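Residue numbers (this note's numbering): 321 to 788.
Working notes, structure below.
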């Protein structure tokens with residue numbers, strides 16, 4: 321018998337028992353609850369101390385400070401031409417709070433674009449400082465002289481930074497360090513001569529500069545806070561200094577942000593298809609999970625209260641070699657006391673692990689809710705996929721001191737809201753419409769506050785794609 325005849329004989333052979341396909345119609349299947357790929361570990365929401373607030377607003381009172389210029393400058397690129405946004409010049413210490421748009425536009429117009437090749441010295445230590453540099457693109461290293469006469473790195477500047485701004489207020493300013501281009505850089509240069517010509521024609525600018533020159537005369541500590549006069553180590557009966565602690569006249573207020581959606585469920589589904597699991601409960605559960613994912617994303621990325629945008633300029637550092645090395649992590653930790661946690665994208669953690677492997681270092685780990693979390697210098701590094709990764713394959717690593725009592729970073733919420741299912745999260749019944757659809761309003765209120773500037777630090781522009 322041929323092979324073809326054997327196959328035909330097998331196909332025509334009568335079925336002797338019930339098939340599995342038909343049997344499944346009578347069987348009760350074992351089902352899982354609806355699964356969702358978007359759910360992440362959300363370590364930030366879990367580890368952030370939450371403070372319940374009243375009135376929907378949290379005010380951060382601080383000592384009066386005289387800090388100047390703590391932000392980044394933003395540019396507009398058209399083809400190969402780069403221009404600074406005039407209003408962004410207010411980030412320079414000399415122009416802080418200056419609002420004359422016509423004068424700022426003229427200053428921006430006088431900025432000269434230059435292309436600087438990698439390795440070139442932009443400014444030398446001890447030479448007269450008569451130009452301000454606005455770094456549109458690239459990396460610049462500030463180099464000083466160490467205690468034994470060798471070169472010492474004073475920091476890395478990246479896109480949006482500025483240097484040489486003392487030239488605008490002090491005609492006798494000199495460069496206190498050497499600025500060297502690590503990569504090819506695009507800078508905008510404003511000379512003191514051009515700036516002085518504009519000031520001669522603008523009375524408002526002259527008055528503003530005079531006011532700014534008087535600010536450094538105020539006695540302040542190294543944090544820029546108004547100094548508290550004290551006396552110590554004296555003997556006899558000297559006059560004891562009189563003092564008081566001055567506060568900021570307009571402290572920052574954080575209002576609770578909101579994330580909402582309207583969940584709709586047809587009454588037929590809610591009435592008839594609730595076994596073995598409740599459809600309404602599952603719909604609400606998955607919606608709440610998505611809302612929490614959005615909440616964590618906003619706490620990281622929101623331009624008003626997000627951690628990445630609320631870090632002070634002097635608490636942002638750049639990696640010395642692009643990749644997140646142990647030296648960079650040490651520098652990040654050294655900027656604040658009592659760092660409680662680090663947040664990094666999983667790919668940034670992997671990049672840091674590669675650098676540890678190159679040096680033969682093995683990080684310690686801790687057990688956190690059944691998860692092994694890597695640490696550096698005893699500080700846990702929690703993964704957070706909400707920290708963005710740019711097209712250039714760079715990201716950021718966040719360091720935080722947390723807690724209200726420790727002057728750290730805190731989460732804000734409003735517990736006790738109507739129809740609350742979790743603190744500051746409610747599911748409110750909105751009725752049934754004419755199409756027999758039930759509607760629920762799902763709401764979460766939240767925000768975050770940085771109590772003092774050094775509670776939050778960021779290691780920026782971390783390369784995650786280098787493997788050598």
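All residues carry an ideal CB built from backbone N, CA and C; glycine is no exception.
Please read these numbers as outputs of a predicted model, since none were measured by experiment.
The DSSP-derived three-state label of residue 600 is helix. Apart from the 5 residues on each side of it in sequence, residue 695 sits with its Cβ closer than 8 Å to the Cβ of 683, 684, 685, 686, 701 in its chain, given in chain order. Taking all protein chains in view, the Cβ of residue 512 is crowded by 16 or more other Cβ atoms within 10 Å, so the residue is classified as buried. Around the beta carbon of residue 378, a 10 Å sphere encloses 16 or more other beta carbons of the protein chains shown; the residue is thus reported as buried. With a threshold of 16 other beta carbon atoms within 10 Å, residue 577 meets it and is buried.
Taking a contact as a CB-CB distance under 8 Å, the pair residue 619 and residue 364 counts as one, their CB atoms being some 6 Å apart.
Per DSSP, residue 614 has no beta bridge partner at all. The criterion of a C-beta distance shorter than 8 Å is not satisfied by residue 637 and residue 616.
For residue 521, the three-state secondary structure derived from DSSP is helix. In this structure residue 749 is exposed. Its beta-carbon is surrounded by fewer than 16 other beta-carbon atoms within 10 angstroms. Residue pairing by DSSP places residue 586 opposite 757 in a beta bridge.
With fewer than three CB-CB distances shorter than 8 Å, the region 668-676 does not count as touching the region 516-523. Residue 488 and residue 471 have their C-alpha atoms spaced approximately 27 Å apart. In the three-state reduction of the DSSP assignment, residue 372 falls in the strand class, which pools E and B. Per DSSP, residue 510 lies in no alpha helix (DSSP H) segment; the continuous beta strand (DSSP E) that holds it begins and ends at 505-511. In this structure, the beta-carbon distance from residue 771 to residue 567 does not fall below 8 Å. Counting along the chain, the unbroken beta strand (DSSP E) around residue 750 starts and ends at 745-752. Under the DSSP definition of a beta bridge, residue 577 partners with 766. Per DSSP, the unbroken beta strand (DSSP E) holding residue 696 starts and ends at 691-696.
In this structure, residue 449 lies near residue 493, with their beta-carbon atoms less than 8 Å apart. The beta carbon of residue 525 sits closer than 6 Å to those of 423, 519, all from its chain and outside the five residues before and after it, given in chain order. For residue 654, the enclosing alpha helix (DSSP H) begins and ends at 646-654. Its Cα nearest to that of residue 505, the residue 442 stands out among 442, 725, 727.
Where residue 340 is concerned, the enclosing alpha helix (DSSP H) starts and stops at 340-343. Counting only residues of its own chain and dropping the five nearest sequence neighbours on each side, residue 353 has a CB closer than 7 Å to the CB of 597, 602. Annotation: the continuous beta strand (DSSP E) that includes residue 720 extends over 714-720. Relative to the Cα of residue 591, the nearest Cα in the group 757, 404, 401 belongs to 757. Residue 776 is a Cβ neighbour of residue 635, given a cutoff of 8 Å. Excluding sequence positions up to five before and after residue 475, its CB lies within less than 6 Å of the CB of 462, all in the same chain and listed in chain order. By the Cβ test, the region 773-787 is in contact with the region 714-725, since at least three Cβ pairs between them sit closer than 8 Å.
A direct Cα-Cα distance of roughly 20 Å separates residue 502 from residue 393. With at least 16 other beta carbons inside 10 angstroms of its own, residue 668 counts as buried. In its chain, beyond the 5 residues on either side, 372, 743, 744 have a beta carbon closer than 7 Å to the beta carbon of residue 735.
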